[in-house]
Each structure stands twice: as C-alpha cells, then as structure tokens.
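Numbering (this note's numbering), first residue to last: 96 to 578.
Just so you know, even glycine gets a beta-carbon here, dropped at the ideal spot from N, CA and C.
One structure below.
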Ligand SMILES: Nc1ncnc2c1ncn2[C@@H]1O[C@H](COP(=O)(O)OP(=O)(O)OP(=O)(O)O)[C@@H](O)[C@H]1O
Ligand SMILES: [Mg+2]
C-alpha cells in the first residue's frame, strides 16, 4: 500500500526524528536513507564537511570497530531533505509534487529543502497509512513509535535495529576504509591485486544455495566461531577460521563464500592466485604479502583465495626459485593470519585437491567438500533457480533424473537456454518439454567441449558421473589420476 506521498512523508519523518534524537546513530537509518546522507568517503581530508553541517557533529561518525579504529566518514545532523536526496532514497520521481498539497509540508524556495511544518500532524497522517512491516524496517521510526498510543500494532525497536543492515556492510563504509588505509600511492597498488566487495554488493545469499548437510554444518560452525571470537580468544583456541573449499568447477564454492560475506555482513576480499603471480616473478611474494595486508586492514572480513592449487603446481616444478619463495610466503602468511586475532576469515578454493601437498592441506582447519550434486540436490537447485519462472507441468525430479553428472552451474546454463529458446517463440511461460530439450542441447554441447579436452582430469570427472555419494564427508580424490 505504498504511495509516493507515504514514501516521502516517511522519509521526512525519519530525517526529522533522527535530527532531533541524538541517541540515534547511523545503524538506526535504513541503508537507502543513510546512503544519501553519508559524507566523508570522498576527499579523505580531515575537514571535508562540505555540506551544511555547521554543528560539526563528529560524535555521529562511525563508531570504530574491530581494534577500536575510528572511521572518518559519518552522518551529520541535521539531515536536510531535498528533491534530490528524497528521490535517491525513495525512488519517488517528484518528491515535492507528491506531498505539496499536504498541509504539514513546506518547501524553502531558496535552498530547495523540504520539511515538516507540524510534525504532530505528519505523524498522525503517517500512522493512519503505515503498517507494522514498514516501521519495523526503519529503526528510527520504530524507536519513536514504540509503545505509541495511536498504534494499532506492536513495534519493537531492538528487533528493528537488529534486523537493519549495519553500516559496515555498505559500500560507502568500505570506501571510507579504503581511503583511510590506502592513502599513498604504494598502498593503492595493493588494491589492484584484489577485488573488494561490500556485503551489500553481493547479490547471493545462503538461501539461494542448496548445500549438503556437511556444508551446512561447517558453515554453522564458522558462523558460531565468528560470533564468539572473544570467547575463543579467551580460552586460547586460535586454530580456527581457515577453510578450504574443494570440488569440481561450478559446484558453488565461490557462491558460498560470497553468500557468507553477504549474510554475515563482512567485506569480501577476493584474489585469484594466478592473478597475483606476476610476470616479474620476484614480485609475486610481495603480492602475496600485500594481499594479506589488505585483508588485515579491512578486517573484520573474508579473504577468499581462489585457484589455490596454483600453489601446489608451482611448488612442484623446480623451474622458478622465485615462485617457490612466493609459495613459502603464502604458507607463512596463512600461518600469520587469524580469525581470532585479526578478524580475518580465510577461505581457499580449489578444483584440484590432488595437486595440493601436505604443507598446504595442513594449514586449513576445515576442508569442505563441494561434490557434484546428487539427484535430490539437483532437484532442489532446480527449484531454487526457477522460483521466479512460470513453468507448465514443472517436474524438477524428472529434470534431475535427466541431468546426472551436472553441477549447479550446468543447471543454470540449462535453464538459461530453455528461457531463451522460449523467448524466440515469444513465450515467457516454459514447459517441462522446453527444459528437457534444453538438457539435450546442453549435453550435445558438452560432448563437443570434451572432444577438445586433453586434460585427463575433466574426463575422469564426467565419467565418474554423480559424485553425490562423496558428500558425506572426506575429501574427494575421485580425479586423482596420474597423467
Ligand atoms: N549447490 C548450488 N546451489 C545453487 N546454485 C548453485 C549451486 N552450485 C552452483 N550453483 C550456481 O552455479 C553457478 C556457479 O557457481 P560457483 O561460481 O560458485 O562455482 P565454483 O565452485 O566457484 O566454480 P569454479 O571452481 O569454476 O570457480 C552460480 O551461479 C551458482 O549460484
Ligand atoms: Mg569459483
């Protein structure tokens, strides 16, 4: 029941309440609203308060986290609402038009700022039209209206704040950190080696993924460990928080790591080992060092190291002493980073566990197996990836039966194929037949691909068929063939 007027009045009320109640901080504002008021990420100088924050209210800057750091960015009071800020936060095209005929609003022609002339009236107007979900989604309003006599439903401030995404998950926050900790040029180069994502930019959640019971329990364990870091430090348990994801391509390793970042509101630092292996081999060890340095500065965060087998390969070949040095640096860096001490969760991923030697294995406290999905999992994955699609006579079990040996990524490709095929016939409703035909097409294409594959690994994987049986723990060494 959202109308443009309701959206705009809600924004104005939030801005007004927040401006006046100094016990509220940025985690009381919904992400969409605080984003438009966040300052300090740009410029990086001490006094870049270029807006109308004459109060210089530094008290509302981000409350440092981790090791008691202070972060320069913040939100200054009072929050001033203009057509631009309101549009950006609410998506309402012409904010002033939406509320100009209400008697409790006014606009200053000179500054363009839109405000409430009588907040009481505005509150009453708003409460007649809003609902519990809207208020729960906005801690500032929840605090203000908790226990309000005109309210027909309950609101709970603590729950609303708990539910609201923390500022640490916003891109602006990460940008602020990057600016603060990577100021000079040499530091900036570190950032070329890695990809840093804010949790809000990660578009996958654990709910989008179908996990094996083993994967689920490993994830739950790590979530608990993160939550209780202080306790673990206190009892001296430090060897925790280093995971290795092992499995064939397309089985959800990267997606799971990202989803963890999203769901736990941790920045995601991603690096592919092949990418930091510089053509100037001497640089590689330095790059490894820098990568871990980035993660430590951005902590708490997840450091995801993909293509971990790259280590092993280079370690075995005797060609480059420099590469060996890099590998040793990597192993040492892994030893020197800790979830408990540095707030860095390390996740490595590999398609070739057979190529990892004992020195690398030993450094991970949990190995999480990502097998090819069995029939039941494939069926569940199909349900998840089709949840927004229209499919006549959809029978995921039958499709699962026809897709033995396929991964989650393969199933996605099959579905995409089916959707595009249907579109060529101007249909947006699929049929079960479309799906089965797409499976057929995919298999034909897959056969072509295999003809080009010289790599014995791949053949072994396909021939091995459904590796679902390996999902009950242990590392899969199914493709541990000599060649
Ligand atoms: N178990 C699963 N449940 C839902 N989706 C899945 C699953 N496994 C894979 N997918 C989907 O397949 C795609 C590829 O997955 P992802 O990139 O995570 O695989 P990966 O294991 O990292 O592969 P690679 O080893 O090639 O890097 C993603 O879109 C992902 O959502
Ligand atoms: Mg991957």
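| Query | Result |
| --- | --- |
| Within the same chain, show all residues whose beta-carbon is closer than 8 Å to that of residue 246, passing over the 5 residues directly before and after it, in chain order. | 222 and 240 |
| Report yes if the C-beta of residue 348 is less than 6 Å from at least one heavy atom of ligand 2; otherwise report no. | yes |
| With contact counted as at least three CB pairs below 8 Å, one residue from each stretch, are the segment 334-347 and the segment 449-468 in contact? | yes |
| Counting C-beta neighbours from all protein chains within 10 Å, is the total for residue 505 16 or more, i.e. buried, or is it exposed? | buried |
| Any chance you could list the alpha helix (DSSP H) runs of at least 4 consecutive residues sitting entirely within the segment 438-469, in chain order? | 453-456 |
| Could you work out which residue in 194, 220, 177 and 215 is closest to residue 204 when comparing CA atoms only? | 177 |
| May I have a chain-ordered list of the beta strand (DSSP E) segments no shorter than 3 residues that lie completely inside the segment 477-544? | 485-487 and 524-526 |
| Rounded to a whole number of angstroms, what is the C-alpha to C-alpha distance between residue 496 and residue 311? | 24 Å |
| Count the C-beta pairs between the segment 348-358 and the segment 382-395 that are closer than 8 Å, then say yes if the count reaches three, no if not. | no |
| Can you find the residues in the same chain that come closer than 6 Å, C-beta to C-beta, to residue 260, ignoring five residues on each side of it along the sequence? | 126 |
| Considering Cα atoms alone, identify which of 323, 417 and 196 is closest to residue 436. | 323 |
| Using 6 Å as the cut-off, classify the Cβ of residue 600 as near or not near the heavy atoms of ligand 1, replying yes or no. | Residue 600 is absent from the model: the chain starts at 96 and stops at 578. |
| Can you tell me the Cβ-Cβ gap for residue 214 and residue 111, rounded? I've got them flagged as a contact below 8 Å. | 6 Å |
| If residue 400 sits next to residue 443, beta carbons under 8 Å apart, how far is it from one beta carbon to the other, in whole angstroms? | 5 Å |
| Pick from 210, 201 and 185: whose alpha carbon is nearest that of residue 633? | Since the displayed the chain opens at 96 and closes at 578, residue 633 lies outside it and no answer follows. |
| As a quick exercise: from 257, 198 and 250, pick the residue whose alpha carbon is nearest that of residue 124. | 257 |
| For the beta strand (DSSP E) that contains residue 338, what are its first and last residues? | 337-341 |
| Buried or exposed for residue 308, going by 16 or more other Cβ atoms inside 10 Å? | exposed |
| CB of residue 464 to nearest heavy atom of ligand 1: below 6 Å? | no |
| Let's test the definition: count the other Cβ atoms within 10 Å of the Cβ of residue 237 and tell me whether it reaches 16, buried, or not, exposed. | buried |
| Thinking C-alpha only, which one of 355, 131, 321 and 379 is nearest residue 421? | 379 |
| Could you check if residue 345 belongs to the surroundings of ligand 1, using beta carbon to heavy atom distance under 6 Å? | yes |
| Sorry if obvious, but does the Cβ on residue 500 come closer than 6 Å to a heavy atom of ligand 1? | no |
| Under 8 Å: do the segment 103-121 and the segment 197-212 share three or more Cβ pairs, one atom per stretch? | yes |
| Whole angstroms are fine: how far does the CA of residue 194 sit from the CA of residue 117? | 27 Å |
| Going by the CB atoms, is the gap between residue 438 and residue 394 shorter than 7 Å? | yes |
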